[in-house]
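The block underneath contains the structure these notes are about, expressed in structure tokens.
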């Protein structure tokens with residue numbers, strides 16, 4: 007689907023188009039990473055009839071999904087490792103994700119039915135962390151960033167609400183905030199089992215203290231685990247209104 011940074015890799019992708027001929031604004035939605043390494047090769051692309059996808063296509067957006075290197079049918083080795091849980095490098099992991107996200111955005115904006123005046127970039131979990139890292143690079147071809155439950159290192163040792171090194175994750179958020187320029191929207195449900203309310207708040211505080219700009223929303227508990235709010239059944243009923251308001255403020259309408 008796209009060529010990576012300095013490496014020619016084919017990434018498995020899916021484009022979901024709205025009614026009409028366009029041109030339409032592109033929304034690039036970036037996936038998370040399964041806890042089990044053995045699940046990465048089996049990952050599949052989100053369908054065009056998924057509830058989250060249709061929230062955007064029914065409003066006139068083109069939605070683009072792609073599996074980053076090392077996931078599913080995409081080429082390349084998995085590149086998003088942060089090292090041992092006792093000494094994680096969350097900055098490196100985020101920037102590795104951002105490399106592929108940037109390539110996907112460039113591909114999406116070149117589609118003949120896409121508007122070329124700025125993509126909307128959304129990421130969930132590890133994809134959300136990569137989205138924060140990508141925002142730190144201040145890309146000129148992005149109109150808005152939405153982070154849904156973004157982070158890394160959650161479920162350490164298989165335990166809910168345990169992170170490898172929460173202090174390192176907070177520090178990394180500050181690193182990214184120092185160079186991010188575009189206002190963002192961050193959404194973390196109160197019952198997120200990967201990034202609990204105190205950790206999510208600390209990440210946001212570090213990001214904004216360093217110079218980043220992000221609206222921070224913590225919706226009420228969602229289902230059994232709010233980490234799955236974005237793609238979960240009924241999720242758009244929770245996040246749809248704040249996302250729509252943010253996109254309108256950013257001038258990122260279809």
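In this note's numbering, the protein residues as written are 7 to 260. Glycine included, C-beta positions come from ideal geometry on N, C-alpha and C.
Exercise. Once you ignore the five residues that flank residue 142 on each side, which residues in its own chain have a CB closer than 6 Å to its CB?
Worked result: Taken in chain order, the residues that qualify are 182, 185 and 186.
For this session: List in chain order: all unbroken alpha helix (DSSP H) runs of 4+ residues lying wholly within the stretch 77 to 152.
Result: Whole alpha helix (DSSP H) segments, 4+ residues: 96 to 115 and 132 to 141.
For this session: Note down, in chain order, each residue of its chain lying with its Cβ closer than 7 Å to the Cβ of residue 41, except the 5 sequence neighbours on either side.
Result: Within the same chain, Cβ atoms closer than 7 Å to the Cβ of residue 41 are found at 161, the five residues on either side in sequence being excluded.
Problem set entry | Cβ-based neighbour list, residue 95, same chain, cut-off 6 Å, excluding 5 preceding and 5 following | Answer for residue 95: 88 and 89, listed in chain order.
Problem set entry | residue 222 - containing beta strand (DSSP E), residue span | 220 to 223 is the span of the beta strand (DSSP E), which, as asked, contains residue 222.
Exercise. When the Cβ atoms of the stretch 99 to 113 are set against those of the stretch 207 to 225, are three or more pairs found closer than 8 Å?
Worked result: With a cut-off of 8 Å, the stretch 207 to 225 and the stretch 99 to 113 do not count as touching, because too few Cβ pairs lie within range.
Exercise. Are the beta-carbon atoms belonging to residue 119 and residue 29 less than 8 Å from one another?
Worked result: In contact: residue 119 and residue 29 (Cβ atoms closer than 8 Å).
Problem set entry | Nonlocal neighbours in the same chain, by C-beta distance under 6 Å from residue 37, ignoring five residues either side | Here the set comprises 133.
Exercise. When the distance is taken between beta carbons, is residue 172 closer than 8 Å to residue 197?
Worked result: Not closer than 8 Å, so no.
Problem set entry | Neighbourhood of residue 20 by C-beta, 6 Å cutoff - its chain only, sequence neighbours within 5 removed | The answer, listed in chain order, is 51 and 71.
For this session: Closer than 8 Å by C-beta to residue 163: which residues in its own chain qualify, once you throw out the five before and the five after it? Chain order, please.
Result: If you ignore the 5 residues before and after residue 163, its C-beta comes within less than 8 Å of the C-beta of 91, all in its own chain and listed in chain order.
Exercise. If you check the beta carbons only, do residue 138 and residue 100 fall under 8 Å apart?
Worked result: Taking 8 Å as the Cβ cut-off, residue 138 and residue 100 qualify as a contacting pair.
For this session: Mind listing, in chain order, the continuous beta strand (DSSP E) runs of no fewer than 3 residues lying wholly within the stretch 167 to 212?
Result: Qualifying beta strand (DSSP E) stretches, in chain order: 190 to 193.
Exercise. So what's residue 246 in DSSP terms, helix, strand or just coil?
Worked result: In the structure shown, residue 246 sits in a helix (DSSP, three-state: H, G or I).
Exercise. Which of the three DSSP states, helix, strand or coil, is assigned to residue 3?
Worked result: With the chain covering 7 to 260 only, the question about residue 3 has no answer from this structure.
For this session: With a threshold of 16 other CB atoms inside 10 Å of the CB of residue 202, please say whether the residue is buried or exposed.
Result: Its Cβ being crowded by 16 or more others within 10 Å, residue 202 is buried.
Problem set entry | Check whether residue 195 and residue 235 have beta carbons under 8 Å apart | In this structure, residue 235 lies closer than 8 Å to residue 195 by Cβ.
For this session: Measuring only between beta-carbons, confirm whether residue 158 sits less than 8 Å from chain D.
Result: This model lacks chain D altogether; it includes just one protein chain.
Exercise. Identify the residues that DSSP records as bridge partners of residue 71: which are they?
Worked result: The beta-bridge partner set that DSSP reports for residue 71 consists of 20 and 35.
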